[in-house]
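Engineer: Residue numbers (our numbering): 1029 to 1172.
The structure follows.
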């Protein structure tokens, strides 16, 4: 299959020496190709790669991926950037199980929320102090 577009809701997808932007299917096999995003029940990639993959079972042979969400991941002679999986066999820069990923997500979300609240508070306090003192900005004084 030679495609550069989107494959949606296919039962079986087989890509050889080509690629696709987005693939959504039940059984996906890629050989010497790649995709940006893949979602499927069973994904097998040989000599290729993908940006983001989500599957029940994922097999990478001499391949790579940026982010993987799967129940079971098997990597042979390949690499994965971030792997969030219940069972992981292979090499990844950051292998996480689902529980750890959930806890890390909560912690990062809390930090971002606190920083956002502090940023809003600091903007409000500057506005409130200007209104209380009646001080005009320099540009307003120059116009008078």
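Note that beta-carbon positions come from the ideal geometry of N, C-alpha and C, so glycine has one too.
Using DSSP with H/G/I as helix, E/B as strand and the rest coil, what is residue 1137?
Structural biologist: Here residue 1137 sits in helix by DSSP.
Engineer: Spell out the partners DSSP gives residue 1114 in its beta bridges.
Structural biologist: Answer is none; residue 1114 lacks a bridge partner.
Engineer: For the beta strand (DSSP E) that contains residue 1094, what are its first and last residues?
Structural biologist: Residues 1092 to 1104.
Engineer: For a test of the three-state rule: what should DSSP assign to residue 1072, helix, strand or coil?
Structural biologist: If DSSP states are grouped into helix, strand and coil, residue 1072 belongs with the strands.
Engineer: CB-CB under 8 Å to residue 1054, same chain, minus the five flanking residues each way: which ones, in chain order?
Structural biologist: Counting only Cβ-Cβ distances below 8 Å, and skipping sequence neighbours, we find 1038, 1039, 1040, 1068, 1069, 1070.
Engineer: Give the straight-line distance between the Cα atoms of residue 1143 and residue 1075, rounded to the nearest whole angstrom.
Structural biologist: Taking the straight line joining both Cα atoms gives about 43 Å.
Engineer: Taking only the alpha-carbon atoms, compute the straight-line gap between residue 1062 and residue 1149 and give it to the nearest angstrom.
Structural biologist: Going from the Cα of residue 1062 to the Cα of residue 1149 covers about 46 Å.
Engineer: Which residues in the same chain have their Cβ closer than 6 Å to the Cβ of residue 1120, if we skip the five residues on either side of it in sequence?
Structural biologist: Counting only Cβ-Cβ distances below 6 Å, and skipping sequence neighbours, we find 1108, 1111.
Engineer: Please work out which residues of its chain come closer than 6 Å, Cβ to Cβ, to residue 1084, disregarding the five sequence neighbours upstream and downstream, and give them in chain order.
Structural biologist: The answer, listed in chain order, is 1069, 1099.
Engineer: Per DSSP, what are the beta-bridge partners of residue 1044 in this structure?
Structural biologist: Paired residues: 1059.
Engineer: Applying the 10 Å Cβ sphere with the 16-neighbour rule, what's the burial state of residue 1147?
Structural biologist: The residue is exposed, with fewer than 16 neighbouring Cβ atoms inside 10 Å.
Engineer: Under the rule that 16 or more other beta-carbon atoms within 10 Å means buried, what is residue 1088, buried or exposed?
Structural biologist: Residue 1088 comes out buried.
Engineer: Determine which residues share a DSSP beta bridge with residue 1054 and list them.
Structural biologist: Looking at the DSSP assignment, residue 1054 forms no beta bridge with any residue, so it has no partner.
Engineer: At the level of alpha carbons, what is the spacing between residue 1137 and residue 1128?
Structural biologist: The alpha-carbon atoms of residue 1137 and residue 1128 are separated by roughly 14 Å.
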